[in-house]
Structures are given as structure tokens and as C-alpha cells.
Ligand code: MHO
């Protein structure tokens with residue numbers, strides 16, 4: 030959905046937001062990605078609150094993108110191409126409702142794109158099912174400053190080295206055509 034600034038925004042939850050931020054920031058046409066919380070029922074969630082698993086919020090990203098360069102459909106492909114699509118309640122080593130996969134839609138068109146993709150994936154899975162919840166987007170709560178650009182600022186953090194970077198590299202190997210040119214931001 031395009032805002033007044035000319036950029037569109039899309040919202041995804043897919044486990045630890047550090048990892049998801051790094052994935053979307055590598056995609057051509059993505060201008061900025063913010064880490065935060067969505068999908069729950071409390072106001073002004075913090076990292077600590079969401080980490081209790083009691084707020085209903087999941088770690089989520091706001092992807093700000095140029096819809097002339099990358100489509101919502103491609104962002105959905107990126108979503109499912111960068112996670113374990115059948116994993117319930119988390120990704121990588123993380124488990125809990127704050128790490129569950131949610132794909133948010135803002136209108137019927139986005140909902141249809143998501144549903145078509147999930148139907149296709151479910152057919153390919155033959156028996157297993159895509160775990161992601163599909164939810165109408167309500168509100169994105171911005172995460173704390175220290176969570177933003179986390180991978181870029183903390184390349185030596187063990188979780189970044191052992192979980193986030195391998196996830197990013199695995200994604201990049203699968204989607205070379207969607208990536209920014211080397212060195213671009
Ligand atoms: N288990 C990881 C997850 C971080 S993520 C921002 C850690 O505590 O480092 O939830």
C-alpha cells in the first residue's frame with residue numbers, strides 16, 4: 030500500500046526480527062526496514078514484554094519499498110523463501126508466540142496474493158501445511174533503537190553469526206535476481 034511519501038509499506042513476522050530485517054534489506058527496491066512488534070493486543074509493546082509471549086505480539090518488520098521496482102508479490106516470495114515455512118511457533122532456534130510467522134495484508138488484493146501463494150505452497154508440500162498466520166494489518170509498533178539495523182551494527186554477535194547470516198546467505202543463494210547490486214544500500 031503506497032503512502033503519501035511515494036513508498037509502499039508491508040509487514041511481516043518471521044521469527045527474530047534481526048534476521049528478517051537483514052533479508053528484506055538485501056532486496057532491490059526496498060528502501061528501509063524497521064524492526065518492531067505487531068499482531069498482538071497490547072499498546073506500546075517493548076522487547077521485554079513481547080518476549081514474555083503474553084502480549085500476542087510477534088517480532089515483525091515494516092518494509093518500506095518502491096512498488097515500481099519490487100512488487101508485493103515478490104516480497105511475499107521473499108517471505109516464504111527465507112524461512113522454514115512449516116515451522117509452527119518460531120524460526121531457527123527461537124520458539125514462542127513472539128517468534129511465530131504472520132503475514133499481514135492491508136487490502137483484498139494483498140490478501141489474494143498471499144492466499145494464492147499459500148495454496149500453491151500447500152500443494153507442493155502435499156500433506157504438510159504452511160504455518161504462517163494470515164492477518165489483517167492493524168498497527169506496527171516501532172521497536173527499540175538498539176534493535177534497528179542490528180545485523181549491520183553487530184556482525185560479531187554470536188546469534189548474528191550463527192543464525193542470522195546463514196539465513197541471509199541461504200536466502201541470497203535462492204533469489205539472486207531480487208538482490209541489490211553488491212555495495213548498494
Ligand atoms: N534468542 C535470540 C533472539 C534475539 S531476537 C531479537 C537472542 O536472545 O539473542 O529475538
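Residue numbers (my numbering): 30 to 214. Yeah, the Cβ is synthetic: ideal placement off N, Cα and C, and Gly gets one too. None of the values given here were measured: they were computed from a predicted structure.
Among 79, 135 and 39, whose alpha-carbon lies nearest the alpha-carbon of residue 106?
39
Shortest alpha-carbon distance to residue 179 belongs to which of 33, 30, 42 and 46?
46
When you compare the CB positions of residue 95 and residue 35, do they come within less than 9 angstroms of one another, or not?
yes
Among the residues of its own chain, which have a CB less than 7 angstroms from the CB of residue 57, if the five just before and after it don't count?
98, 99, 207, 208 and 209
At the level of alpha carbons, what is the spacing between residue 184 and residue 190?
7 angstroms
State the CB to CB distance for the pair residue 41 and residue 133, rounded to an integer number of angstroms; the pair is presumed to be in contact (CB under 8 angstroms).
7 angstroms
C-alpha distance - residue 110 paired with residue 138, whole-angstrom precision
21 angstroms
If you compare alpha carbons, which of 130, 66 and 101 is closest to residue 112?
130
Alpha carbon to alpha carbon, how far is residue 101 from residue 149? Give it in angstroms, no decimals.
17 angstroms
What did DSSP end up calling residue 63 once you bin it into helix, strand or coil?
strand
Going by the DSSP bridge assignment, what does residue 119 pair with across the sheet?
124
Would you say residue 80 touches the ligand MHO, meaning its beta carbon is less than 8 angstroms from a heavy atom?
yes
Let me know if residue 88 comes out buried or exposed under the rule of 16 or more other beta-carbons within 10 Å of its beta-carbon.
buried
For residue 172, which residues from the same chain have a beta carbon less than 6 angstroms from its beta carbon, with the 5 sequence-adjacent residues on both sides left out?
64 and 65
Give the single residue among 153, 48 and 202 whose Cα lies nearest to the Cα of residue 187.
48
Range covered by the alpha helix (DSSP H) that runs through residue 141:
137-154
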